[in-house]
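In my numbering, the protein residues as written are -14 to 169.
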């Protein structure tokens, strides 16, 4: 989907512009189809080649739900592409993508950037989204809860540090997951 990836490059361009053309140390992205991550990585490379940004490009981190983690499985196996995930199960509909079309490009971006891929248990991503919504006033989706839980996991593992500038994406809308009573 070349047009979609070109459109998703705007995520990377917006990040660079908002940060005064200095890129963050890391991007943590809840990944289903992965076009957002692919588009950002392409934008960062183009900005570097054009001389608009200098220094290191961000480490790109994929976060998926344990119940549907084809990219994580491929990453951990050292594969260049992912095999389809059988019987995907997660409440995070944006992460329920058993066979991302951009799998090879996602894995290449993660590899080239020095990032990695992690899977989050279902209960954790839901709990983190609920707690973050209550504490931050931002309507966190399960996808965003996965990314935030991934950030905590990556910090515990030493992959990111408190000194790093890190962007964590909340790619869904929490209100779409609530029951009519207002409860998740």
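Where a beta carbon is used, it is the ideal one built from N, C-alpha and C, also for glycine.
When the Cα atoms are used, residue 82 and residue 141 turn out to be separated by approximately 27 Å.
Between residue 110 and residue 136, the gap from beta carbon to beta carbon reaches 8 Å or more. A direct Cα-to-Cα measurement between residue 53 and residue 77 gives close to 10 Å.
Residues 46, 47, 48, 49, 57, 135, 138, 139 of the same chain have their beta carbon placed closer than 8 Å to that of residue 103, with the five preceding and five following residues left out of the count. Shown here, residue 85 sits in coil according to DSSP, grouped into three states, outside any helix or strand. Ranked by Cα distance from residue 117, the first of 67, 88, 129 is 129.
For residue 49, the uninterrupted beta strand (DSSP E) run begins and ends at 44 to 50, by DSSP.
It is roughly 10 Å from the alpha-carbon of residue 146 to the alpha-carbon of residue 11.
Inter-segment contact for the stretch -6 to 1 and the stretch 30 to 46 is present: three or more beta-carbon pairs are separated by less than 8 Å.
According to DSSP, residue pairing for residue -12 in a beta bridge does not occur. Of the candidates 124, 153, 149, 144, the residue whose Cα lies closest to the Cα of residue 163 is 124. Contact between the stretch 86 to 103 and the stretch 65 to 74 is present, with at least three C-beta pairs closer than 8 Å.
Judged by DSSP in its simplified three-state form, residue 153 adopts strand. Straight-line measurement puts the Cα of residue 85 at about 9 Å from the Cα of residue 16.
For residue 39, there is no enclosing beta strand (DSSP E), as DSSP gives it neither H nor E. According to the DSSP assignment, residue 13 belongs to the beta strand (DSSP E) that extends over 11 to 15. Proximity to residue 156 across 113, 150, 80, 122 peaks at 80, based on C-alpha coordinates. Rounded to whole angstroms, residue 161 and residue 126 show a C-alpha spacing of 8 Å.
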